[in-house]
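K.L.:
Protein chains in written order, with the numbering used here: chain A, 20 to 208; chain B, 660 to 782.
We treat Cβ as the ideally placed atom computed from N, Cα and C, and that holds for glycine.
1. Which residues mark the beginning and the end of the alpha helix (DSSP H) in which residue 683 (chain B) is found?
2. Among B:668, B:754 and B:745, whose alpha-carbon lies nearest the alpha-carbon of residue 737 (chain B)?
3. What does the alpha-carbon distance come out to for the pair residue 664 (chain B) and residue 684 (chain B)?
4. Using beta-carbon positions only, say whether residue 163 (chain A) and residue 147 (chain A) come within less than 8 Å of one another.
5. From this set, A:151, A:127, A:187 and A:144, which residue's C-alpha is nearest residue 198 (chain A)'s C-alpha?
6. Hey, is residue 666 (chain B)'s beta-carbon within less than 8 Å of any beta-carbon in chain C?
7. Could you tell me the boundaries of the alpha helix (DSSP H) in which residue 135 (chain A) lies?
8. Under 8 Å, with one C-beta from each stretch per pair, do the stretch 126-143 of chain A and the stretch 752-771 of chain B reach the 3-pair mark?
9. Please tell me whether residue 190 (chain A) has its Cβ less than 8 Å away from any Cβ of chain B.
10. I need the straight-line Cα distance from residue 181 (chain A) to residue 133 (chain A), nearest angstrom please.
11. What's the call for residue 189 (chain A), buried or exposed, on a 16-neighbour Cβ count within 10 Å?
12. Below 8 Å on the Cβ atoms is my contact criterion, and I expect residue 730 (chain B) with residue 149 (chain A) to pass it. Report the Cβ-Cβ distance as a whole number of Å.
13. With DSSP collapsed to three states, give me the class of residue 670 (chain B).
14. Check whether the Cβ of residue 730 (chain B) lies closer than 8 Å to any Cβ atom in chain A.
15. Considering only residues of the stretch 722-756 of chain B, which uninterrupted beta strand (DSSP E) runs meet the minimum length of 3 residues and lie entirely inside it, listed in chain order?
16. Starting from residue 703 (chain B) and walking both ways along the alpha helix (DSSP H), at which residues does that stretch end?
17. In the DSSP assignment, find the beta strand (DSSP E) that holds residue 177 (chain A) and state where it starts and stops.
18. Between B:711, B:720 and B:702, which has its C-alpha nearest residue 187 (chain A)'s C-alpha?
19. For the beta strand (DSSP E) holding residue 186 (chain A), just list the boundary residues, first then last.
20. Where do the ends of the beta strand (DSSP E) carrying residue 124 (chain A) lie?
21. Along the stretch 132-147 of chain A, what residues have a CB closer than 9 Å to any CB found in chain B?
22. My output table needs one value for residue 146 (chain A): the three-state DSSP class, helix, strand or coil.
23. How far does the alpha helix (DSSP H) with residue 165 (chain A) in it reach, from first residue to last?
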């Protein structure tokens with residue numbers, strides 16, 4: 020039996036992944052219903068808006084606006100190859116956040132499963148060096164995570180999920196609910 | 660700070676992290692462990708977790724919520740508990756959740772202490 024708020028993706032869904040992201044009319048975009056027990060039937064289609072959501076906070080908007088095509092990071096921000104250090108103390112791999120790796124696929128899920136799957140698929144995945152992750156507050160971690168998802172949606176990436184269960188209160192559950200909130204439908208074909 | 664108090668603060672790190680506005684490294688530093696590193700032992704952590712098993716879920720949550728490429732993890736798998744280091748580190752398979760959690764806490768806190776130490780060197 021699932022705990023309150025837990026999200027379950029069916030095993031068939033997992034086998035059929037990856038799934039494609041497609042734009043759809045705004046009128047048909049479902050609204051997030053908040054934490055609740057539910058199971059997604061198979062096969063799953065993940066559908067995203069073709070434009071980036073407008074609910075960026077200042078930091079995520081800033082992160083999304085940063086790309087390696089512009090080699091001039093803001094003054095006074097630490098910057099090394101492949102890693103951009105935003106002012107709140109978090110770290111985001113700018114190449115992944117802004118442009119992706121060209122695969123068109125983004126993996127979400129629980130650590131370490133989502134990293135393992137993403138590396139197998141050659142897909143995009145959110146990652147922060149541990150030494151930076153451990154120095155971020157919970158809010159900063161989520162802001163960075165949100166910015167990553169925003170970028171993936173803006174790119175039109177397909178989403179693949181590494182875990183069947185999203186435990187209530189977990190970041191994975193929050194990621195799934197956020198996808199719904201910004202217009203990405205998790206549902207059966 | 661007494662060892663018991665340090666152990667309690669260490670065991671409650673995820674709860675304090677998710678209910679507050681401090682980083683894990685900050686919370687570890689404030690636990691007093693740096694001045695008394697001997698308090699960080701599997702035996703003492705295990706004793707506390709055995710009496711406060713509700714904290715184990717919080718540690719499982721902290722682990723699964725990580726968004727890193729390299730680091731310790733603690734997870735349920737096929738009826739047992741696994742503590743490991745990604746990508747290519749040790750993997751412990753442990754039946755008892757309290758012991759598995761204690762093993763993870765010790766490793767994770769050591770990692771936080773190292774991060775804090777390096778941060779101080781660079782500041």
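P.N.:
To lay it out plainly:
1. As a working mapping, residue 683 (chain B) is identified with position 24 in the second chain. Here the alpha helix (DSSP H) through residue 683 (chain B) covers 683-689.
2. Taking the first residue of the second chain as 1, we reach residue 737 (chain B) at position 78. The residue among B:668, B:754 and B:745 with its C-alpha nearest the C-alpha of residue 737 (chain B) is B:754.
3. Residue mapping note: residue 664 (chain B) aligns to position 5 of the second chain, counting from 1. Residue mapping note: residue 684 (chain B) aligns to position 25 of the second chain, counting from 1. Each residue's Cα considered, the two are about 18 Å apart.
4. Reading the first chain from its first residue, position 144 is the one you call residue 163 (chain A). Reading the first chain from its first residue, position 128 is the one you call residue 147 (chain A). Yes, Cβ-Cβ distance for residue 163 (chain A) and residue 147 (chain A) is below 8 Å.
5. Along the first chain, read from residue 1 onward, the residue named residue 198 (chain A) stands at position 179. Nearest option by C-alpha distance: A:127.
6. The displayed structure is made up of protein chains A and B, and chain C is not among them.
7. Along the first chain, read from residue 1 onward, the residue named residue 135 (chain A) stands at position 116. Segment 132-140, the alpha helix (DSSP H) holding residue 135 (chain A).
8. By the Cβ test, the stretch 126-143 of chain A is not in contact with the stretch 752-771 of chain B, since fewer than three Cβ pairs between them sit closer than 8 Å.
9. For the purposes of this step, residue 190 (chain A) is taken as the residue at position 171 of the first chain. Yes, residue 190 (chain A) counts as interfacial toward chain B.
10. In the first chain, the residue the question calls residue 181 (chain A) occupies position 162. In the first chain, the residue the question calls residue 133 (chain A) occupies position 114. Whole-angstrom Cα-Cα distance: 5 Å.
11. Numbered from 1 along the first chain, position 170 holds the residue referred to as residue 189 (chain A). Of the other Cβ atoms in all chains shown, 16 or more fall within 10 Å of the Cβ of residue 189 (chain A); this residue is therefore buried.
12. Counting from 1 along the second chain, the entry for residue 730 (chain B) is found at position 71. Counting from 1 along the first chain, the entry for residue 149 (chain A) is found at position 130. The beta-carbon separation of residue 730 (chain B) and residue 149 (chain A), rounded to 4 Å, stays under the 8 Å limit for a contact.
13. As a position in the second chain, residue 670 (chain B) is number 11, starting the count at 1. Three-state DSSP puts residue 670 (chain B) in a helix.
14. Here residue 730 (chain B) corresponds to residue number 71 of the second chain, with the count starting at 1. Yes, contact with chain A.
15. If only uninterrupted beta strand (DSSP E) runs of at least 3 residues are considered, those enclosed by the stretch 722-756 of chain B are 730-736, 739-745 and 750-753.
16. Locating residue 703 (chain B) in the second chain gives position 44, counting from the first residue. In the DSSP assignment, residue 703 (chain B) falls within the alpha helix (DSSP H) that extends over 701-710.
17. The residue you call residue 177 (chain A) lines up with position 158 of the first chain. Run containing residue 177 (chain A): 177-180, per the beta strand (DSSP E) assignment.
18. For the purposes of this step, residue 187 (chain A) is taken as residue 168 along the first chain, with counting starting at 1. Measuring from the Cα of residue 187 (chain A), the nearest candidate turns out to be B:720.
19. As a working note, residue 186 (chain A) is residue 167 in the first chain. Per DSSP, residue 186 (chain A) lies in no beta strand (DSSP E) segment and is marked neither H nor E.
20. Taking the first residue of the first chain as 1, we reach residue 124 (chain A) at position 105. In this chain, the beta strand (DSSP E) harbouring residue 124 (chain A) covers 124-127.
21. Taken in chain order, the members of the stretch 132-147 of chain A whose beta-carbon sits within less than 9 Å of a beta-carbon on chain B are 132, 133, 134, 135, 138, 144, 145, 146 and 147.
22. Numbered from its first residue, the first chain carries residue 146 (chain A) at position 127. The three-state reading of DSSP puts residue 146 (chain A) in coil, since its state is none of H, G, I, E or B.
23. As a first step, residue 165 (chain A) is located in the first chain; it is residue number 146 there, counting from the start. Judged by DSSP secondary structure, residue 165 (chain A) falls within the alpha helix (DSSP H) whose first and last residues are 157-174.
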